[in-house]
Amino acid sequence: MIDAAITDKKRNLRDAYSSALIALGRRNPDVVVLDADLALSTKTKRFGTVFPDRFFDMGIAEANMMGVAAGLAACGKIVFASTFAVFATGRSYDAIRQSIAYPELNVKIVATHAGISVGGDGASHQMLEDIALMRALPNMVVIAPADATEMEDVVPAIAEHNGPCYVRIGRADAPILFETHGMFEIGKGYVLREGSDITVIATGTMTAEALKAHDLLKKEKIDARIIHMPTIKPLDEKLVKKSAKETGRIITCEEHTVIGGLGDAVAMAIAEKPVPMIRIGVNDVFGESGEAWQLMEKYGLTAENIVKRAKELIKKS
Amino acid sequence: MHDEKLIKEIKRKALEIRKWVIESIYRAGSGHPGGSLSVADILACLYFHEMRHNPKDPKWPDRDRLVLSKGHAAPALYAALALAGYFPVEELKNLRKIGHFLQGHPCMKKVPGVDMSTGSLGHGLSVAVGMALAGKLDKKDYRVFAILGDGEVQEGQIWEAANAASHYKLDNLIAILDRNKLQIDGPTEEIMHLEPLAWRWQAFGWDVIEIDGHDIEEILDTFHEIKLNEKPTVIIANTIKGKGVSFMEGTLSFHGKPPSEEQYIRAMSELEQAERELND
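Pasting the structure below:
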């Protein structure tokens, strides 16, 4: 079991991204960073300030940025390309497919402002299908870290992995869940709380909610196993299957549409030996403007909703 | 000015490329002869004179790169690579066949000498920009060539890349635009106009050179004219779709269609006749 707890301390994953990127840049001269006119928001600008020769702003032309990233990678660079998730995946899908995923080039797409918690910008900017898009691509690794500590471990880990990776993080500050570094490994899921009545598998921002749900469920005498699944592809199928067998019920939680994301990946993993399952996510609708917490609440992306759905599932099965 | 021996040798290579284009597409039963034949002379000039490359070391870091952005001309690229020695020419007979490595469109993971996987139009120039940027970053003197189709530049991403290339002063980047004036649905100017094409590239900050894309001497001379002046260069190569096979020249019907058996025999005999004339 991994040591994790909800604390009062919060840190933005974008800050963690930029500090990890700078540390990586110091160690490895092959690291090159691209952005598409959002370098202040994604915080890659900080890398650009420290390493001006290895930072290129490609302007508001995301598809081109992905192609340029591919060309740099084909010449031996480890390329980090960042922008908001909606542009990084939606706008650039074919460039990623043709020039990065198919030739399996060493490009790390690190997208910020993923999910509905983008808030006020509304549906146009709330990317809820990026995991589905990236997961469908062969050769692509898909990661949604839960906190800043983990994000700092994700950056060197993906640099070490020779091939395309997609990392999605949110806009808002997030509670620190992990006090210590060194946990993250591509393709591994982590049991944060043991339990035998039900397994809650969460990724990204929803892991904090799942941890809160654990304590709320405990008060109702429900013993929930909480799994943090930072890598959605390749999925830790072994852990999923083991937990399905041991707890007999699964709930998945993601700040993403229920189509094609973590829930689908887990459902696929247990399709041959299914157990009753509920997928929590945005239910095939676009978002809207509002405060991040209001939207998370309205669309059911909260600990309270996890508790409610867990009780329903236990009642039914 | 180049000596006659060299020009004759490249003409011979271009004819060999054309023969293999016909042969490989005929055997495959599908493919794009028109746009493969129109770039044969350009590819011959690049691989048999202009480019710095080593077929024994396809990943040589200091090599010049070539991105065939109009990936459907793969049969011509494969022929040039095989004739240059990247892989046995016999492999050209297995184009598009399951279990063999010559994919319908270029795949860098499978084919030695292919510097970038392409096929979906509009992507290659962006990749070439990245390669040229890497060259500048590493202070290497290699050049990056990108071959674009004319219909292809209707894709918006081409212009994003064109803008980035001049912004980052990539004078090590040379785009060659195969101006054969036809795309699948018809003449480019009827389907979606490109003219004034030279002016458009100039407006994006490029040096523009317009040439006859079938005149070997002019192609070779043009490469020598390119200056390191902090501007990328585009060569608008006026070509004829299907060049070299009389009944394919300037026609739409051989954009993406293989020759029939009778057409294959005719095409090969025309190209062999041209070889004999060249050798006389």
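Line by line, the protein sequences give chains C and G.
In terms of my numbering, the first sequence opens at residue 1 and continues consecutively.
In terms of my numbering, the second sequence opens at residue 318 and continues consecutively.
The C-beta atom is built at its ideal place from N, Cα and C for all residues, glycine as well.
In this text the structure is predicted, and so the values were computed from the model without any measurement.
Next item on the list: Give the interface partners of residue 474/G over in chain C, defined as CB-CB distance under 9 Å, in chain order.
Entry: Within the second sequence, residue 474/G is the residue found at index 157, counting from 1. Neighbours of residue 474/G on chain C, chain order: 61, 63, 64, 67, 94 and 95.
Checklist line | Terminal residues of the alpha helix (DSSP H) in which residue 328/G lies | finding: As a working note, residue 328/G is residue 11 in the second sequence. Start and end: 321-345.
Checklist line | CB-CB length for residue 251/C against residue 280/C, believed under 8 Å | finding: In the first sequence, residue 251/C corresponds to position 251, counting from 1. In the first sequence, residue 280/C corresponds to position 280, counting from 1. Residue 251/C to residue 280/C, Cβ: 6 Å. Contact.
Check: Going straight from the alpha carbon of residue 166/C to that of residue 130/C, what length do you get?
Finding: Locating residue 166/C in the first sequence gives position 166, where the first residue counts as 1. Locating residue 130/C in the first sequence gives position 130, where the first residue counts as 1. Roughly 9 Å separates the two Cα atoms.
Check: chain G beta carbons: is any one of them nearer than 7 Å to that of residue 77/C?
Finding: Residue numbering aside, residue 77/C sits at position 77 when the first sequence is read from its first letter. Yes, because at least one Cβ of chain G sits closer than 7 Å to the Cβ of residue 77/C.
Check: Can you name, in chain order, every residue of its own chain whose Cβ lies under 6 Å from the Cβ of residue 581/G, other than the five neighbours on each side?
Finding: Walking along the second sequence from the start, residue 581/G turns up at place 264. Cβ neighbours of residue 581/G beyond the five flanking positions: 343.
Next item on the list: Spell out whether any CB of chain C is found under 7 Å from the CB atom of residue 338/G.
Entry: Mapped onto the second sequence, residue 338/G falls at position 21. By this cut-off, residue 338/G is not an interface position.
Check: Contact check, residue 467/G vs residue 497/G under 8 Å by CB: the rounded distance?
Finding: Here residue 467/G is taken as the residue at index 150 of the second sequence, counted from 1. Here residue 497/G is taken as the residue at index 180 of the second sequence, counted from 1. So it is a contact: roughly 6 Å between Cβ atoms.
Item checked: Extent of the continuous alpha helix (DSSP H) run through residue 118/C -> Along the first sequence, one-based indexing puts residue 118/C at 118. Premise fails: residue 118/C is in no alpha helix (DSSP H) and is neither H nor E.
Check: DSSP three-state call for residue 259/C: helix, strand or coil?
Finding: Translated into positions along the first sequence, residue 259/C becomes position 259. If DSSP states are grouped into helix, strand and coil, residue 259/C belongs with coil.
Notebook entry, point to check: How about residue 231/C and residue 259/C: do their beta carbons lie closer than 7 Å?
Noted result: Translated into positions along the first sequence, residue 231/C becomes position 231. Translated into positions along the first sequence, residue 259/C becomes position 259. No, Cβ-Cβ distance for residue 231/C and residue 259/C is not below 7 Å.
Notebook entry, point to check: Can you tell me whether residue 309/C is buried or exposed, with buried defined as 16 or more other CB within 10 angstroms of its CB?
Noted result: Here the question's residue 309/C lines up with position 309 in the first sequence. Burial call: buried.
Next item on the list: May I ask whether a heavy atom of the ligand PLP can be found less than 6 Å away from the beta carbon of residue 134/C?
Entry: As presented, the structure is devoid of all ligands, the ligand PLP included, so that no description of it is given.
Next item on the list: Report the three-state DSSP secondary structure of residue 53/C (helix, strand or coil).
Entry: Here the question's residue 53/C lines up with position 53 in the first sequence. Three-state result, residue 53/C: helix.
Next item on the list: Keeping to the same chain, check which residues put their C-beta closer than 6 Å to that of residue 11/C; ignore five residues upstream and five downstream.
Entry: As a working note, residue 11/C is residue 11 in the first sequence. Once the five neighbours on either side are set aside, the close Cβ partners of residue 11/C are 148 and 176.
Notebook entry, point to check: Which of helix, strand or coil does DSSP assign to residue 533/G?
Noted result: As a first step, residue 533/G must be located in the second sequence, where it is residue number 216. Helix at residue 533/G.
Notebook entry, point to check: For residue 34/C, which beta-bridge partners are listed by DSSP?
Noted result: The residue given as residue 34/C occupies position 34 in the first sequence. DSSP lists 56/C and 81/C as partners of residue 34/C.
Next item on the list: Kindly say whether residue 470/G, judged by its beta-carbon, lies nearer than 7 Å to any beta-carbon of chain C.
Entry: Locating residue 470/G in the second sequence gives position 153, counting from the first residue. False, the Cβ-Cβ gap to chain C never drops below 7 Å.
Margin query: Run through the DSSP bridge pairs and tell me what residue 228/C is partnered with.
Written below: Taking the first residue of the first sequence as 1, we reach residue 228/C at position 228. Looking at the DSSP assignment, residue 228/C forms a beta bridge with 190/C and 202/C.
Next item on the list: Pull up the CB-CB distance for residue 463/G and residue 438/G, whole angstroms please, since I reckon it's below 8 Å.
Entry: Here residue 463/G corresponds to residue number 146 of the second sequence, with the count starting at 1. Here residue 438/G corresponds to residue number 121 of the second sequence, with the count starting at 1. So it is not a contact: roughly 12 Å between Cβ atoms.
Check: Taking the alpha-carbon positions, what's the residue 471/G to residue 99/C distance?
Finding: Position 154 of the second sequence, counted from the first residue, corresponds to residue 471/G. Position 99 of the first sequence, counted from the first residue, corresponds to residue 99/C. Whole-angstrom Cα-Cα distance: 19 Å.
Next item on the list: Kindly provide the ranges of any beta strand (DSSP E) runs that are 3 or more residues long and lie completely inside the stretch 455-483 of chain G, ordered along the chain.
Entry: 461-466
Margin query: For a contact defined as C-beta to C-beta under 9 Å, what are the partners of residue 432/G on chain C?
Written below: Reading the second sequence from its first residue, position 115 is the one you call residue 432/G. By Cβ distance, chain C contributes 74.
Checklist line | Residues sharing a beta bridge with residue 500/G, DSSP | finding: Taking the first residue of the second sequence as 1, we reach residue 500/G at position 183. Answer by DSSP bridge pairing, in chain order: 503/G.
Item checked: Close Cβ partners of residue 95/C (< 7 Å) along its chain, the five nearest in sequence each way excluded -> The count along the first sequence starts at 1 and reaches residue 95/C at position 95. Once the five neighbours on either side are set aside, the close Cβ partners of residue 95/C are 63, 66 and 67.
Check: Should residue 181/C be labelled buried (16 or more other beta-carbon atoms within 10 Å of its own) or exposed?
Finding: Residue numbering aside, residue 181/C sits at position 181 when the first sequence is read from its first letter. Exposed, by the Cβ-count rule.
Notebook entry, point to check: For residue 368/G, which residues in chain C fall below 9 Å Cβ to Cβ?
Noted result: The residue labelled residue 368/G in the question sits at position 51 within the second sequence. Ordered by position in chain C, no residue passes the 9 Å Cβ test against residue 368/G, which lies about 16 Å from the chain.
Note to self: Quick check on DSSP: helix, strand or coil for residue 177/C?
What the structure shows: Residue mapping note: residue 177/C aligns to position 177 of the first sequence, counting from 1. In this structure, residue 177/C counts as coil in the three-state DSSP scheme.
Next item on the list: Could you tell me the boundaries of the alpha helix (DSSP H) in which residue 583/G lies?
Entry: One-based indexing of the second sequence puts residue 583/G at position 266. It spans 578-596 - the alpha helix (DSSP H) in which residue 583/G sits, taken as one unbroken run.
Note to self: Quick check on the DSSP output: the beta strand (DSSP E) that includes residue 75/C runs from which residue to which?
What the structure shows: As a working note, residue 75/C is residue 75 in the first sequence. Where residue 75/C is concerned, there is no enclosing beta strand (DSSP E), given that its DSSP letter is neither H nor E.
Notebook entry, point to check: Can you find a C-beta in chain G that's less than 7 Å from the C-beta of residue 70/C?
Noted result: The sequence position of residue 70/C within the first sequence is 70, counting from 1. Closer than 7 Å: yes.
Checklist line | Reduced DSSP category for residue 426/G - H, G, I as helix; E, B as strand; rest coil | finding: As a position in the second sequence, residue 426/G is number 109, starting the count at 1. Three-state result, residue 426/G: coil.
Check: If we ignore side chains and look at the alpha-carbon of each, how far apart do residue 391/G and residue 577/G end up?
Finding: Counting from one through the second sequence, the residue named residue 391/G turns up at place 74. Counting from one through the second sequence, the residue named residue 577/G turns up at place 260. For residue 391/G and residue 577/G, the distance between alpha carbons rounds to 20 Å.
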